[in-house]
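Chains as they are written, first to last, in our numbering: chain A, 1 to 244; chain B, 1 to 356. Beta carbons: idealized from backbone N, C-alpha and C, even for Gly. Given the structure is predicted, the values throughout are model-derived calculations rather than measurements. Below is one structure, written out as structure tokens, with a few remarks after it.
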Amino acid sequence: MTRVLLVDDEALARERLRALLEAQGGCDLVGECGAGDEAVRLARELQPDVVLLDVRMPGMGGLEAARHMALLPEPPAVIFVTAYDQYAVEAFDAEAIDYLLKPVRATRLASALERAARLSSSRLDRITAATPRPQPRTHLGARVGDTVRLIPIQDVYYCSADQKYTAVHHRGGTDLIDDPLRALEDEFRTSFVRVHRSALVNLHHLSAVERTDDGQFDVVLRETGERLRVSRRMAGELRERLRL
Amino acid sequence: MSSLDEKRLRLPDFCAGPAVVAIILIVVLTAVVIALARQDDVTALWTELARTALFLLWTGLGSAAALCLLRRRLQSLPIPQAAAMAIGAIVAVVACVSQVTLWLGSSALMEPLAGQLFFPTHPLRFLLTNIAMGAIIGALALRYFHVIGEWQRNVELQAQARVHALQARIRPHFLYNSMNTIASLTRSNPAQAEEAVQDLADLFRASLTERSAGTTLRDEVEIAQTYERIERLRLGERLRVDWDIDTVPSGLPVPSLLLQPLLENAIYHGIEPRRDGGLIRIVGRLNRGMVELTVRNPLPEDGLSGHSGNRMAMANIRERLDLMYPGSATLESGETEGEYLVRLRFPTGGATGIAT
Chain A
1 MTRVLLVDDE ALARERLRAL LEAQGGCDLV GECGAGDEAV RLARELQPDV VLLDVRMPGM
61 GGLEAARHMA LLPEPPAVIF VTAYDQYAVE AFDAEAIDYL LKPVRATRLA SALERAARLS
121 SSRLDRITAA TPRPQPRTHL GARVGDTVRL IPIQDVYYCS ADQKYTAVHH RGGTDLIDDP
181 LRALEDEFRT SFVRVHRSAL VNLHHLSAVE RTDDGQFDVV LRETGERLRV SRRMAGELRE
241 RLRL
Chain B
1 MSSLDEKRLR LPDFCAGPAV VAIILIVVLT AVVIALARQD DVTALWTELA RTALFLLWTG
61 LGSAAALCLL RRRLQSLPIP QAAAMAIGAI VAVVACVSQV TLWLGSSALM EPLAGQLFFP
121 THPLRFLLTN IAMGAIIGAL ALRYFHVIGE WQRNVELQAQ ARVHALQARI RPHFLYNSMN
181 TIASLTRSNP AQAEEAVQDL ADLFRASLTE RSAGTTLRDE VEIAQTYERI ERLRLGERLR
241 VDWDIDTVPS GLPVPSLLLQ PLLENAIYHG IEPRRDGGLI RIVGRLNRGM VELTVRNPLP
301 EDGLSGHSGN RMAMANIRER LDLMYPGSAT LESGETEGEY LVRLRFPTGG ATGIAT
């Protein structure tokens, strides 16, 4: 029996896939939900073999959810389901990733379930990059033990580069993630700013920029009062971003 | 907030061939008229025509050069100022050419022609008459060029509006999602599936039919509500729409597909990205002879309006409103108090332009 997790924000779309899966045989529907972050949690708890994942959902979309699932020690195979996403479909084709178009045909579902394979995060990254104006993720995913911790972007104070890993300092503590600082800076260009070579700060958590006794600048984080040094090179850009 | 383009004086490019040819034609015809009015003797007529045409050609080409140089300034000014500036330029050219003519006539160079009355004898009268005639004929010519320009622009806009109307039609996303909904309902609720198919047919009929005129607000509200019913099947409780348009006369003529694209945008950008959905408010008001329609939707959870992708639908509605109510309709959009708002304003007095 293939253990299947069904993810779509529309009740009727889920209802139809559920009916198709039941008719299919050989499948065990272990869970369903209507949001990306919940899907990641269920994938971790229920350990499905296959996730049927809608691409466009409120909050965390299917592409992002798949990227987080890929961090699990035993990631499920993912089959994307979409009504019409020209760019996503082109990217899937380019990466030879199987997907289903709504309304889904029973025969297509059967063959997709047979072929379903795990997706590496690098392939998923390439797909995300291929969509126009790629949306930044809503969460950062950190491997913690054999599960994935989802850290909402708005809870992140700052990220710092640390030898091999990147440390995320957030409301719930500090976690290590795989994403290089450079990539994070690109992805979250609109909400984060680099203050020195190894620190990327969330603008929403900045409370002040203060001049220190030695003529340099520090940024102060609102909730923790923590101070981070601003390098001379980044000071100009920081002032511009904050319109100082 | 953005609004409709202001009206501008529409003049051709006087730096290019076609407009210069038109000016030469106007000038020569004017010369013929003047010569005919002044002389009845056949031989004198030709002399008169020759010297008038020579004089007028200089003023005509001079004016074209002046308007060519002033082109950018003229296009940045409202019509009355631009027209005054253009006529002023023509009058200045006429005055200059007249002065040069007078100077030539009194110079020693023209000694051999003395006594033939080739040059004007009353300098001041010559100058003033020329300025008056230059102002009148210049104004008429400008008016002619402006009317032609407006007409050409209207033809272009209409063609554009048609193309854009084709492109702005219902998103493919919506079609496939609806098909999926119907496929699901056929099993669980065939009666509702049947209704959905009927609604979908109505919607596509409205959007695919090339309607000339006669669309009223009532038709538009009906189409938008049909659209709302289909989307409600898919989105369920997440979609709430509050209609408050009863105070606006429902027989009011409006361009077709005016409301549905706005509702579609509101759902796509304001409801779908929100986990708990939200409330769309559609309000119609009458205000000092103007109808005001507003569509408001909540912003997505991430706070970004995401409305950058829908400029085409808005530009399309704006163009068609402007064709129907030239110069008096407006479309504004923007974020206010956590909501995205689109506001249409047009006169209740009926259309003066072309319905699309």
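Just verifying my parser: in three-state terms, what is the DSSP assignment at residue i?
i	result
S366 of chain B	Here chain B comprises residues numbered 1 to 356, so residue 366 of chain B is not present and cannot be evaluated.
S32 of chain A	The residue you asked about is not Ser; residue 32 of chain A is Glu in the sequence shown. E32 of chain A: strand per DSSP, three-state reduction.
V254 of chain A	Since the first residue shown for chain A is 1 and the last is 244, residue 254 of chain A is missing from the structure and cannot be characterised.
N189 of chain B	coil
A16 of chain B	coil
L11 of chain B	coil
A161 of chain A	strand
T174 of chain A	strand
V4 of chain A	strand
S207 of chain A	strand
S122 of chain A	helix
H269 of chain B	helix
M85 of chain B	helix
D271 of chain A	Nothing about residue 271 of chain A can be read from this structure; chain A reaches only from 1 to 244.
R238 of chain B	helix
D9 of chain A	coil
E45 of chain A	helix
H122 of chain B	coil
D214 of chain A	coil
R345 of chain B	strand
A199 of chain A	strand
G425 of chain B	Lying outside 1 to 356, the shown extent of chain B, residue 425 of chain B is not represented and no answer is given.
A96 of chain A	coil
P134 of chain A	coil
With a 10 Å radius around its C-beta and 16 neighbouring C-beta atoms as the bar for buried, classify residue i as buried or exposed.
i	result
S106 of chain B	exposed
I136 of chain B	exposed
L242 of chain A	exposed
R137 of chain A	buried
H204 of chain A	exposed
F204 of chain B	exposed
C15 of chain B	exposed
R125 of chain B	exposed
Y325 of chain B	buried
A44 of chain B	exposed
H122 of chain B	exposed
L113 of chain A	buried
E74 of chain A	exposed
Leaving out the 5 sequence neighbours to the left and right, which residues in its chain are closer than 8 Å to residue i when beta-carbon positions are compared?
i	result
A92 of chain B	A66
L69 of chain B	none
D155 of chain A	H170, R171 and G172
V20 of chain B	F14, L61 and A64
G349 of chain B	G289
R16 of chain A	P103 and V104
Leaving aside the five residues before and after residue i along the sequence, list all residues of the same chain whose C-beta is less than 7 Å from its C-beta, in chain order.
i	result
R44 of chain A	L72, T147 and V148
E95 of chain A	R123, R126 and I127
A95 of chain B	L127 and I131
V28 of chain B	A53
T131 of chain A	Y87, A88 and A91
T226 of chain B	D199, D202 and L203
V32 of chain B	L49
Here's a check: name, in chain order, each residue in its chain whose Cβ is nearer than 6 Å to the Cβ of residue i, leaving out the five neighbours to either side.
i	result
R227 of chain A	D218 and V220
S305 of chain B	The pLDDT assigned to S305 of chain B is 48, lower than 50, so where the model puts this residue is not dependable, and the model offers no usable value.
A193 of chain B	I182, L185 and T186
L63 of chain A	T128
G277 of chain B	R238, L239 and I271
R72 of chain B	none
Mind the definition here: the region 192-211 of chain A touches the region 147-167 of chain A only if three or more C-beta pairs lie below 8 Å; say whether that holds.
Between the region 192-211 of chain A and the region 147-167 of chain A, the count of Cβ pairs shorter than 8 Å is three or higher; the stretches touch.
May I ask you to verify whether the region 215-222 of chain A touches the region 290-298 of chain B, counting CB pairs closer than 8 Å and requiring at least 3?
Judged by Cβ distances under 8 Å, the region 215-222 of chain A makes no contact with the region 290-298 of chain B, as fewer than three pairs qualify.
For the region 36-52 of chain A against the region 76-89 of chain A, are there 3 or more C-beta pairs whose distance is under 8 Å?
yes
Below 9 Å between beta carbons is the criterion; list the residues of the region 74-103 of chain A that meet it against any residue of chain B, in chain order.
T82, A83, Y84, D85, Q86, L101, K102 and P103
Please identify, using Cβ separations under 9 Å, the residues of the region 229-252 of chain B that lie next to chain A, in order along the chain.
L233, R234, L235, G236 and R238
Quick check: the region 242-259 of chain B against the region 218-225 of chain B, are there 3 or more CB pairs under 8 Å?
Segments in contact, yes.
For the structure I just gave you, are there three or more beta carbon pairs, one from the region 232-249 of chain B and one from the region 264-279 of chain B, closer than 8 Å?
Three or more pairs of CB atoms, one per stretch, sit closer than 8 Å, so the region 232-249 of chain B contacts the region 264-279 of chain B.
Given 8 Å, three or more beta-carbon pairs between the region 28-40 of chain A and the region 6-16 of chain A:
Below 8 Å, enough C-beta pairs join the region 28-40 of chain A and the region 6-16 of chain A to call them touching: three or more.
Residues of the region 9-40 of chain A with Cβ closer than 9 Å to any Cβ of chain B, in chain order
D9, E10, A11, L12, A13, R14, E15, R16, L17, A19, G34 and A35
Against chain A: residues of the region 178-201 of chain B by CB proximity under 7 Å:
M179, N180, T181, A183, S184, L185, R187 and S188
Is there contact here, the region 168-182 of chain B with the region 32-50 of chain B, by at least three beta-carbon pairs under 8 Å?
no
Would you be able to state if there are at least three C-beta pairs under 8 Å between the region 143-151 of chain B and the region 53-66 of chain A?
no
Which residues of the region 40-72 of chain A have a Cβ closer than 8 Å to any Cβ of chain B? Give them in chain order.
R56, P58 and G59
Listed from N- to C-terminal order along the chain, which residues in the region 268-283 of chain B have their beta-carbon within a distance smaller than 8 Å of any beta-carbon of chain A?
E272, P273, R274 and R275
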